[in-house]
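Down below is the structure, laid out as structure tokens.
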Amino acid sequence: MAPRNSGPRPTVSPPVQPVTVDVVVIGAGQAGLSAAYHLQRRGFVPVSRAGAGDETFVVLDANAGPGGAWQHRWESLRMATVNGIHELPGFAVPPADPRSASRDILPAYFAAYEERYALEVQRPVKVRAVRREDDDPEGRLLVETDRGTWAARFVVNSTGTWTRPFWPRFPGQERFRGRQLHVADYVSADEFAGKRVVIVGAGISAVQLLDEISHVADTFWVTRREPQWTEDDFDIPARVAAIAGVEDRVRRGLPPGSVISVTGMHWTPWARAAQERGVLVRHPLFASIEEDGVRMPDGSFEPADVILWATGFRAAIDHLAPLRLRTPQGGIRVADGRALDEPRLFLIGYGPSQSTVGANRAGRDAVRAIVAERDAALAA
């Protein structure tokens, strides 16, 4: 009798060796494309077309197509109401009808940018973990993905925040019989027509959506703290000042916090419009959530069909956990876009570089630091 399991054994593939590259850029939003542009200007070549002796980089993006977070923004976000578009380095945003949806115009702009500079972004690629190859502080970092592993001298992380919406927790939240959604899931005010919508949050998106939704629904706006309104224009100098205001937090390893906490609330056109129509009325944050509404701090009850959480986002950096860089305060110590406790890692689009102008600058500065280190090693 033939022994059991005597048939041909399945072939076991040998482990695939990591692909060696000088720089891995994770994320192809504003910051990631800025870094790729400056790498190429400094003589680095996309690994897919590199020759012998070339210094190489690769851009890995989890999205199916170009555009970063812009491709996921809500349909009603028009070019006229987008807050803070800043052109990518070397290529201006093309003229567009102010009434056009930003998620149509800006992803096309990003796609044209990638093609113009032949950045060879690889997508969709999901980065699962970044870890040290060994104990050598000058060794390589391993970037593990669903499509193989890369061994890099430097990693430029530019994964942004859009994939990590922040949902606060409140007593009774699971009992609510209406609909709860985050800004990240918002599509259009039309779906709330005739309903009562509680809008939670004090940021730009909260006020913009309050203005929009209040045309078709009864809105009730709540914030944790009284908004501090400022008459100053939120122009480029104001944004640069806001960036500077967050730098100290991340240097100390604190969570970055919001730009609004530094700048106060600016009188945007939609804030003015909401005020003129009498709907820009702030209430204190509720104490708990019940089946059909929210219970206010004074004990009164406010009915609700929908709770819209305009409560911001957190940095999408879970894949960096193997590096063990988080402080007890919950952040990563970063100065000038570089992790202080792992100098082979740059975090751009994080903390002070979350804005578009900050992201461009951070991409440039990260590449400058990489090139300076390379040149110092050659001269040694």
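Position 12 of the sequence shown, counted from 1, bears residue number 75 in our numbering, the numbering being contiguous throughout. No residue lacks a Cβ here, since even glycine has one placed at the ideal position from N, Cα and C.
Assigned exposure category for residue i - 16 Cβ within 10 Å defines buried
| i | result |
| --- | --- |
| Glu275 | buried |
| Val260 | buried |
| Pro129 | buried |
| Pro231 | exposed |
| Arg387 | exposed |
| Pro152 | buried |
| Thr286 | buried |
| Pro406 | exposed |
| Arg424 | buried |
| Arg335 | exposed |
| Val250 | exposed |
| Leu441 | exposed |
| Pro366 | exposed |
| Arg288 | exposed |
| Gln392 | exposed |
| Thr282 | buried |
| Ala422 | buried |
| Ala443 | exposed |
| Ala337 | buried |
| Ala91 | buried |
| Pro66 | Summary for Pro66: the model assigns pLDDT 43, below 50, so the residue's position carries little reliability; its value from the coordinates is reported in the next sentence. Pro66 comes out exposed. |
C-beta contact flag for residue i and residue j at 9 angstroms
| i | j | result |
| --- | --- | --- |
| Leu410 | Val397 | yes |
| Gln93 | Gly412 | yes |
| Ala373 | Pro319 | no |
| Arg340 | Ser351 | no |
| Ala223 | Ala132 | The question names Ala, but residue 223 in the sequence shown is Gly. Yes; because the gap between Cβ atoms is below 9 angstroms, this pair is in contact. |
| Asp355 | Phe255 | no |
| Ala247 | Pro228 | yes |
| Glu118 | Arg437 | yes |
| Leu408 | Val188 | no |
| Val156 | Tyr180 | no |
| Ala98 | Val219 | yes |
| Pro385 | Arg195 | yes |
| Gln134 | Leu96 | no |
| Pro349 | Phe217 | Before going further, note that residue 349 is Phe rather than Pro in the sequence given. Contact flag unset, no. |
| Val434 | Arg105 | yes |
| Glu353 | Trp330 | no |
From the options, residue whose alpha carbon lies closest to that of residue i
| i | options | result |
| --- | --- | --- |
| Met328 | Leu371, Val309, Gln291 | Gln291 |
| Trp333 | Gly266, Arg387, Gly202, Leu386 | Gly266 |
| Leu182 | Phe255, Phe120, Leu386, Asn423 | Phe120 |
| Ser221 | Ala336, Glu150, Ala252, Gly426 | Gly426 |
| Phe154 | Ile395, Arg136, Tyr176, Ala171 | Tyr176 |
| Ala116 | Gly92, Thr83, Gly131 | Checking the sequence, you will find Gly at residue 116 rather than Ala. Checked all of Gly92, Thr83, Gly131; the closest Cα to Gly116 is Thr83. |
| Ala432 | His101, Glu289, Leu96 | His101 |
| Val270 | Val313, Val342, Val309, Gly257 | Val342 |
| Val190 | Phe255, Asp124, Gln236, Arg203 | Asp124 |
| His450 | Pro391, Arg389, Val434, Phe376 | Within the shown structure, residues of the chain are numbered from 64 to 443, placing residue 450 beyond reach of any answer. |
| His346 | Glu353, Ala336, Val250, Ser363 | Ser363 |
| Leu371 | Gln236, Val434, Thr390 | Gln236 |
| Arg314 | Val430, Ala402, Asp197, Asn126 | Ala402 |
| Gly394 | Pro366, Gly316, Ala439 | Gly316 |
| Ala429 | Ala443, Gly400, Arg104, Asp404 | Gly400 |
| Lys258 | Asp381, Val279, Ser268 | Val279 |
| Asp209 | Arg105, Val79, Ala174 | Val79 |
| Trp284 | Ser268, Gln103, Thr293 | Ser268 |
| Asp381 | Asp167, Val206, Leu272 | Val206 |
| Arg203 | Pro81, Asp167, Thr226 | Pro81 |
| Thr226 | Thr390, Ser277, Arg136 | Arg136 |
According to DSSP, residues forming a beta bridge with residue i
| i | result |
| --- | --- |
| His101 | Paired residue(s): none; His101 is not in a bridge. |
| Pro228 | Phe376 |
| Glu207 | Ala192, Thr212 |
| His346 | Val285 |
| Thr293 | His329 |
| Thr83 | Ala214 |
| Gly356 | Glu353, Pro366 |
| Arg242 | Val369 |
| Asn220 | Ile89, Leu410 |
| Thr119 | Val108 |
| Leu386 | For Leu386, which the question treats as bridged, DSSP gives no partner whatsoever. |
| Ala432 | According to DSSP, Ala432 bridges with nothing at all. |
Distance cut-off 8 angstroms: residue i Cβ against heavy atoms of the ligand GTP
| i | result |
| --- | --- |
| Pro318 | This structure lacks the ligand GTP; in fact it carries no ligand of any kind. |
Cβ contact (3+ pairs, closer than 8 angstroms) linking the segment 209–218 and the segment 81–98
These segments touch.
Using 8 angstroms as the cut-off, can you tell me whether the segment 234–246 makes contact with the segment 110–118, which would need three or more C-beta pairs spanning the two stretches below that distance?
no
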